[in-house]
Every structure is written in structure tokens, then in C-alpha cells.
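Step one of this worksheet: look at the structure below.
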Amino acid sequence: MNTGRPYVSYLAPSDPARPQPGRANDEEADRSENAVLTAYLFHLTAKGHRVLRHRVVTDPVLASTDLFDATAGEVVMACHRSHYSALIAAYGVISDCARLFSPSRRTLLFTDEPGPVAREFLSHHKIIAIWPEGGSFARVDPAAETGGA
């Protein structure tokens, strides 16, 4: 029963990243997000991290992050685009969902390396950027870019 308050639903590692009603024309984006998310999940578990797949359910629609890395204390949301409107939307969702996993750091997992403007946006908002690179994953921590501020 949904009381109108957000709640967390846990998933199996093989579940898709998130259903996106109304995104039928973005099936390729969904596939890319699912692929990078699955690869990152296996990457973290191979390093011995305790990772939970989850879906944050809000009323009346689904707002979703994708993973909680309990070892690192990071809420992770897959994002295949890094243009301004996509960053604003991702910022809103991950910021709202992160409150359910306190304390936690917010992390966006991109399918490709975000450009300098996107990285500056993420750094300003203290969001970690992660993307696949050379068979592993690269990351930019905002504390590293701002001298620990």
C-alpha cells in the first residue's frame, strides 16, 4: 500500500535498471543504461563491495536511482546523457532519492565520459561522475576537483 511517501524496493542483479513509462522511443538509452549499470555492478562486487539494487518508488510515478554501494556509501544512478536538461533532471532525482540512504554520496554513472561543462556542473553540486574507460571505470570526485571543498 502506497501511503504517498517514498519507499525503497530492492531488486535482483538481473532486473532492468528502471522501467520508464512514456520512454518507448528511448529504448536504446534504456539498453545503454542497463549495460553500463550491469557492468558497474559486477565491477563493484568483484572489488568486494556490498551493493544493493533498488528502485525508489514515489507517488504517483517512479523516481529511481539504481544502486546503493553500501561499502562506499554511494547512491548510483545511470544516466546516458550529459547535456544540461538531462543533468538538471538527474540532479533532482538523485538528490531526492539520496535522502533515503543517509548518509550517502550522490553518483551519476554515465555511458560515456561527460564533457567539461557537465563535469563542472557535477562538481559544483558535489556529485561524483563515473563512466566506463578501458575495461574499468573512471571517476571524478568533486572534492578532488575543488581541493577538498
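Last residue of the sequence shown: 1297 (our numbering), numbering continuous. Ideal placement from N, C-alpha and C gives every residue a C-beta, glycine not left out.
Proximity of residue i and residue j at Cβ, strictly below 8 Å
i: residue 1227; j: residue 1200; result: no
i: residue 1245; j: residue 1223; result: yes
i: residue 1089; j: residue 1178; result: For residue 1089 there is no data in the structure shown, the boundaries of the chain being 1149 and 1297.
i: residue 1276; j: residue 1262; result: no
i: residue 1194; j: residue 1230; result: no
i: residue 1221; j: residue 1251; result: yes
Identity of the residues DSSP links to residue i by a beta bridge
i: residue 1222; result: 1217, 1253
i: residue 1272; result: DSSP output for residue 1272 lists no bridge partner at all.
i: residue 1227; result: 1258
8 Å CB neighbourhood of residue i in its chain, flanking five on each side removed
i: residue 1238; result: 1225, 1227, 1256
i: residue 1173; result: Bear in mind that the predicted position of residue 1173 carries a pLDDT of just 46, short of 50, making it too unreliable to give a figure here.
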